[in-house]
Amino acid sequence: MSDHNAAAHDHVEHPTWKQYKWVGFWLLVITAIEVWVYYTPFKESKLFAPTLLLMSAVKFGVVVFYYMHLKYDHPLFKRLFAMGLGIAICTMFALLFLFGALKIGG
Amino acid sequence: MATADTPAGHEGHHEHVHYTSTGLENRKIAIWALIGSECMLFASLISTYLIYKGRSKVGPFPHEWSCKTSNVVGKTAELVAGCAPADVLKPILDIPVTSQSTFVLLMSSLAMVLALAAVENKGHPLPAGAGWWDRCLASSKFWLMATAVMGATFIGYQSYEFTSFVHEGLTIKTNLFGSSFFTLTGFHGAHVSVGVLWLLTLFAIDVKRGLKGKNDVLLVDICALYWHFVDVVWIAIFTLIYLIQ
Amino acid sequence: MATTAAPAPINTPAGTSYAPGEATGIWSWLTTVDHKRIGTLYLWTALTFFIVAGIEAFIIRLQLMKPNNQLVSAEMYNQLFTMHGTTMVFLVIMPLSAAFFNYLIPLQIGARDVAFPRLNAFSYWVYLFGGIFMTVPIFFNVAPNGGWFGYAPLTTMQFSGGLNIDFWVIGLQILGVSSLAAAFNFITTIINMRAPGMSLMRMPIFTWMSFVVQFLLILAFPAITIALFFLQFDRFFGTQFYEIAAGADPLLWQHLFWVFGHPEVYILILPAFGLASEILPTFSKKPLFGYNVMVYSGIMIGFLGFGVWAHHMFAVGMGATADTIFAMATLLIGIPTGVKIFNWVATMWGGNIRFTVAMKFAISLVALFTIGGISGVMHSSPPTDLQQTDTYFIVAHFHYVLFGGSIMGIMGGIYFYYPKIFGRYMSEKLGNWHFWSFFVGMNMTFFPMHYAGMLGMPRRIYTYDIGQGWEQFNLWSTVGALLQGVGLICFVYNFVKSRKRGEVAPNDAWGAGTLEWSIPSPPPDYNFAKIPYVTSRYPLWDIKQPEMTAELTHTAPDAGVIADAHAVPMHEETQYYTAKSLGIPMPFPTIKPFFAALFMVLMMAGLVFIHLDLFWVAIFVMIGSGAAFVGSLYGWLTSPLE
Amino acid sequence: MTRLPYRRLGAAMCIAALTLALAACGGQEYPNSTFIHNSEINTDIIALWDRILFMGTLVFIFVEGLLIYTIFRFRAKPNAPLPKPVHGNHTLEIVWTLLPVLILIPIAVPTVKTIFKTQAPAAADALQVEVYGHQWWWEFRYPQYGVTTANELYLPAGKTVAFTLRTVDVLHSFWTPALAGKRDLISNKTNYMWYTPDAKLAEDAFNGFCTEYCGSSHANMRFRVYTTTPENFESWAAHQKLAAAGSPAALAATASADSAAKKAPARAAIIPTPAPVPVSNVGYIFPESKLKSHNVPHTPIPASLTFDDALLASADVAAGHALVTNIANLGKAPCLTCHIIKGEGAMLNLSDNGAKGPNLTHVGTRHTFAGGLFPTNAANVARWIKNAQVMKPGATMNTFGIGEYSALIKAKVTAGLTDKEIADIVAYLMSLK
Ligand code: HEA
Ligand code: HEA
Ligand code: CUA
Ligand SMILES: [Cu+2]
């Protein structure tokens, strides 16, 4: 099976256990912070929602880029995913705006 | 969509390795396109949940709710059945329990990457003096099973959550919150369940004839991509639905 | 399996509708995984549904021919227009486009098949069974009757207790599976199955437009899938998504529907644009003008198409800000579309235009779509739209774009590709009859609707009173529909007859430039005996009329080639061989996708029994066919492809 | 194949032109035209429309002209050399990307202006009208006057009307083409719109339509708008506000000579009411003579629904009154469980929101009924009561005629009203001026 023409795919460096475990670690830490913050007075703050969104966006990104190895993979996959995600997020915001539900944290 | 025991694609049929324009595997492109599409699916579900949040006319409600501190958009207190202004309704979402299930699901993603790495590294002999942990890392069966078990645990948590909600009087028919909550998390749960079955199938193949070689790496890889995506969706759901009020 | 000796060709065809050496008989069609046969199946099926939906339209027209007419009952009328719209959109134009995706995309990109041949067969069977499931109820007076966009809460149990809406909601869900499966398939095919040298910017424009459409499909369908699930759950399991008493917001349905619905209209038109872009250059003897811009504008249309959906909802009271945003976004779409129109004209400018029937259809697409586009721009201004929405002015708009655009383009495509598909030409004489009665009839039907609408005629009314000022327009529309019917009969006759009696067509029936014309007509099951190495956008012209592609940048066949064992310099193939003699592995025919589709449809359809108060029958049917579905799927996934 | 179809193209164009000509000068009236300046809103819309139509026509003429010129000029000629293979031209392409922008800006700017102008809040002193959509009829309430009516909307010319639009069931849409654009009636949502019928409109009648598909009788959900002078309007409203003719309340009111209606409910139970007393002054009613042919419904009466019209001539108003209003007859003629007749049926305590059917207090003053489907006359109303579903597909009112097939209960009516009883009821209803 060595002579295949999938040049791009096989020769890239895949992350290893060392990296995976750190990713896993940060996922846990961020989740822990999220839940912790939920029980602090910060919950009432206007910044609560944006902060949480930011944290989950980081988690989202780490999983996608490292666990789903989008960072190392063919750029095509990045585009396929970004297109779906981009349109989905825009649509979601537009819908929330139209229904007057865009008052996160309020 | 041939599974491992098909003659197609490997085992000597060199000519059968089809030429592809990008050098990428068809199935991998398809799974990424599917994931792109699923973004839109979950965006619709999450939007619905958020739009309907606070529009239910009767309890139970997701978060702590009292008639006085009403965060119900545009609804006056008397719309809420049996609600005296002094009542404080208990939040129905149980953050501690859900945090645990979130934890399990996140860790399953870690197990999943390790399973993939183990399949990819098949054929590379372990370095001399490898400890039990190295051997463990090299066991794709172990990690596949671990992922499936964690997925099943997540489903277990979800069943527990659903039944306890039903006991507290919230079913899919109760109010808008119930309908949109159960449908959203139910869709996610269905995705997890499909993933668990998929993982178990891979595990079975691994037991039967061992997963190795390029084609098998691909098999595990697309399952992993799906699995991580389901995880990522949960990250969004956990924050948007459970934590942010 | 290297070819040792040159294989012997098998007999050349005398214009049979399938290549020699291929299996025939019903079983071969049920088990086929050949993209060309599946494309042909799509074509036949969709044309059948076209006749059905056309007859529905014709009855609508007869009913509206004069005021206070009593030809059909209100209930029947409501089913007729709902089924006419739903059928035309989901069972006619989308599948007609799919017929071309299937038949053409692999040929145009120089592939032997699609990426997932069995999934492809599955898509077709799901479409067929889903279509039957939706269409049959009209004969029993229980067809869907909620309009093609089924606004809640009219479609909830409270207001539509019968089975009618059940057929609609389940049927659309079934068709969604078919469209989505096909879309993933074609995305993969186009990305990954192109012949060596066939870079994205060398793909024929039809393939490009189809590519855009597949993305529209995978991103738009989830929204309606969810909206339909909500409705289904409401109707069958008592959820409250559209339950007014529970505080539900009916606009949720509208938004989710149109988030899908507007991209959907581009799903309906872009394939026709693609076909016109193949036909116009061929019969002008000129390359397509501004290929790059054509590609970018197609992408632009698709992209903008996701940001304008609420222009269908200007009357719901979204507020001035939202109205403004969606109006402006809608206006913007005129720009890339205009570019396409002008580029088509520029393609013909300075050419040698041959007025074949296909060409006439393509030209009329340009002419008629422009009219529909302009009325579209008129709706996109909310204050004026408040006088237009839900009137016959809208009906005029969308028939100009759907009939004048999609149907005209697709008809052109059928005349154009018929010789490739069936190995024989369609009769130009009958074709001319068809074209002119369609062209005149369609204008006669739909142009007066502009007047009727602006003079106050609401749509979806089964009757209207005397003296409202609409009589003459309705009469004209009905006469026009009759003329279209005559055209359709000419077409059907021509289509059926020419298969056996048409003039035999050579490989390159029209002197076109793209790959599909370099292989025999009809193409052998393996498509290309030798996968060609592509060096320009019009590889066939490179050989036959190099002066026409002289201006294009070419790559030398050996420059940085990713060598494929089968790739050879561009050539024409005239002989038929068997795949086996060429050593080309072909996918096995299999019945499994057929059964998977059948049982999946049965499983989803089983829900209906719940509303017949046959709860246990429903459970039995759903679990039974669910198990059979999983079984077929298992058999399918574990059996080798080729 | 290469022969140019001049002749046929010519024929096609002739037919198209003919259609146009017919449309333009058919010598017919277009009562529902959206192009009539009857309100400031419509005037704004027409101005905008004219601008867009002009731009659209420019584009149309340019594109179609260019297209026709191109296909004629560059048609294949025998032995013509191969055309020059032009693959594109950047300048040209930029030009025709920008060209549409030049067309779109003059559309966009007035569009935005008009959006904000027409959607601004209505003037504070506007006449308030609450529109309620029902499957398949319209309810109009005038909260400032305490008036509720159905299917006929009276408006004072020259005064701004602010509509509040709601539905009690599915979505509907409120549209009078000759007066203004439409606005949907949406469940769980209140919509607003306003316009000012021009002061120049004196006694004019307009047809209105439901334009959101709402089920079986969507086509039959019509209404009329009557404009009149403000004085006439006040007169109409003042009378509509009163209790029904002959009702205890009305009698009480006549008894105390001036408006003593306040005390009515208290006396309602005491005063026996043998027969309704015809009212002498019914206030302003839009004169029948001002109705044009297109304002009068011509809906065919189903042939299967027969009624002996002779019965109507000999009908007894008092008997009808008793049938409808005497609680003892509620089982037989449960009219007041769905309809309000102001001053009657106090014990049912039906509110506007609780009434499933149109308010019948002054049904005799309305020119049309059942969603503007029929002229209000005894023959039609009698058939309506006998079998409403035959008169109007899907109608939700019970079938009352004994022996009639009721589409609602999917059976023949056994316990209902005889034709005689119906005739009496009709006589009573028609007396409700
Ligand atoms: C093939 C399908 C198709 C296509 C391509 C379009 C194209 C467009 N449509 Fe249409 N539309 C429908 C199918 C389609 N539509 C259907 C089915 C409905 C009704 C659904 C229902 O209610 O049942 C509908 C309804 C509809 C509405 C809602 C009306 C209402 O219900 O109130 C609107 C409103 O903005 C609209 C606008 C447009 C616009 C701006 C375009 C643009 O894309 C058009 C762009 C094209 C041009 C403008 C012409 C070419 C351009 C030039 C020559 C350049 C110069 C021109 C200018 C600068 C103006 N459409
Ligand atoms: C691709 C889409 C498409 C196409 C091609 C058509 C084609 C036609 N449409 Fe349709 N139409 C829609 C899509 C389409 N329509 C949609 C989406 C709606 C909205 C539905 C809704 O409101 O929910 C609609 C609604 C609609 C209405 C409005 C109904 C209403 O609002 O009450 C009308 C009214 O005239 C109409 C007419 C026609 C006519 C006359 C044709 C003609 O072109 C049809 C020509 C065909 C024939 C006349 C058939 C002739 C056949 C024979 C004579 C028999 C031959 C038999 C054999 C050979 C066996 N259509
Ligand atoms: Cu009410 Cu249509
Ligand atoms: Cu649209």
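Chains as they are written, first to last, in the working numbering: chain A, 3 to 108; chain B, 22 to 266; chain C, 393 to 1034; chain D, 46 to 478. Even for Gly, the Cβ is constructed at its ideal location relative to N, Cα and C. It should be emphasised that the depicted structure is a prediction, and the values quoted were computed from it without experimental measurement.
Asked, Found
"Min CB distance K61/A to chain B below 8 Å", "yes"
"Proximity test, Cβ basis, 8 Å: R230/B and chain C", "no"
"Contacting positions in the stretch 639-673 of chain C - beta carbon closer than 9 Å to chain A", "D641, L643, L644, H647, L648, V651"
"Status (buried if at least 16 other CB within 10 Å, exposed otherwise) for D354/D", "exposed"
"N-terminal and C-terminal residue of the beta strand (DSSP E) that F445/D is part of", "Run containing F445/D: none; DSSP gives neither H nor E here."
"N- and C-terminal bounds of the alpha helix (DSSP H) containing N577/C", "556-584"
"Distance cut-off 7 Å: R504/C Cβ against heavy atoms of ligand 2", "no"
"L82/A (DSSP reduced to helix, strand or coil)", "helix"
"C-beta contact flag for A575/C and Q606/C at 8 Å", "yes"
"DSSP-derived helix/strand/coil call for P106/B", "Residue placement at P106/B cannot be trusted, given a pLDDT of 47 that sits under 50; the coordinates are not used to answer."
"Close Cβ partners of G108/A (< 6 Å) along its chain, the five nearest in sequence each way excluded", "Residue placement at G108/A is flagged as unreliable, the pLDDT there being 36, under the threshold of 50; a coordinate-derived value is accordingly withheld."
"Within 7 Å of chain C by C-beta, residues of the stretch 260-276 of chain D in sequence order", "G260, S261, S262, H263, A264"
"Below-8 Å beta-carbon distance, L131/B vs any chain A residue", "yes"
"Rounded Cβ spacing between A94/D and A167/D (contact assumed at less than 8 Å)", "Looking at the sequence itself, residue 94/D is Trp, so the reference to Ala does not match. That pair is no contact at about 23 Å."
"Straight-line gap, L1025/C to A211/B (C-alpha atoms, nearest Å)", "18 Å"
"Test item: CB-CB of A904/C and A587/C under 8 Å", "no"
"beta-carbon S869/C near ligand 2 non-hydrogen atom, thresh 7 Å", "yes"
"Other residues of its chain near T395/C: CB distance less than 6 Å, five sequence neighbours each side excluded", "With a pLDDT of only 43 at T395/C, under the threshold of 50, the placement of this residue in the model should not be trusted, and no figure is reported."
"Outcome for M392/D when other beta-carbon atoms lying within 10 angstroms are tallied against a minimum of 16", "exposed"
"Spatially closest choice to Y69/A from T206/B, W248/B, K74/B, I116/B, by CA coordinates", "W248/B"
"E895/C versus A664/C - alpha carbon distance", "26 Å"
"Runs of alpha helix (DSSP H) lying entirely within the stretch 118-168 of chain D, each at least 4 residues, in chain order", "135-163"
"Assumed close pair A490/C, Y434/C - CB separation to whole angstroms, cut-off 8 Å", "5 Å"
"Option nearest P345/D by Cα separation, candidates F521/C, N494/C, Q967/C, I858/C", "I858/C"
"Euclidean distance between Cα positions of T273/D and F718/C", "38 Å"
"Helix, strand or coil at Q173/D according to DSSP, with G and I counted as helix", "strand"
"Close Cβ partners of G36/D (< 7 Å) along its chain, the five nearest in sequence each way excluded", "Only positions 46 to 478 of chain D appear in the structure, and residue 36/D is not among them; the question remains open."
"Residue range of the beta strand (DSSP E) that includes C201/D", "Checking the sequence shown, residue 201/D turns out to be Pro, not Cys. 197-201 is the extent of the beta strand (DSSP E) around P201/D."
"Reduced DSSP secondary structure (H/G/I, E/B, other) of D31/D", "With chain D covering only 46 through 478, there is no way to say anything about residue 31/D."
"Same chain, Cβ closer than 7 Å to I315/D, neighbours up to 5 away in sequence not counted", "Bear in mind that a pLDDT of 44 at I315/D, under 50, signals an unreliable position, so the number given afterwards is only what the model happens to contain. Counting only Cβ-Cβ distances below 7 Å, and skipping sequence neighbours, we find nothing."
"Proximity winner among V341/D, A282/D, F208/D, relative to A250/D (alpha-carbon distances)", "V341/D"
"Heavy atom of ligand 4 within 7 Å of V685/C beta-carbon", "no"
"Which listed residue (L511/C, T474/C, L520/C) has its alpha carbon closest to that of G260/D", "T474/C"
"Reference G437/D, options L453/D, Y450/D, L418/D, N422/D, closest by Cα", "The question names Gly, yet the displayed sequence has Lys at residue 437/D. Of the candidates L453/D, Y450/D, L418/D, N422/D, the one whose C-alpha sits nearest the C-alpha of K437/D is L418/D."
"Listed by chain order, chain D residues near D626/C by CB distance under 9 Å", "Near D626/C there are no residues of chain D at all, since even the closest Cβ is about 14 Å away, more than 9 Å."
"Whole-Å CB distance - I616/C paired with F649/C, under 8 Å assumed", "6 Å"
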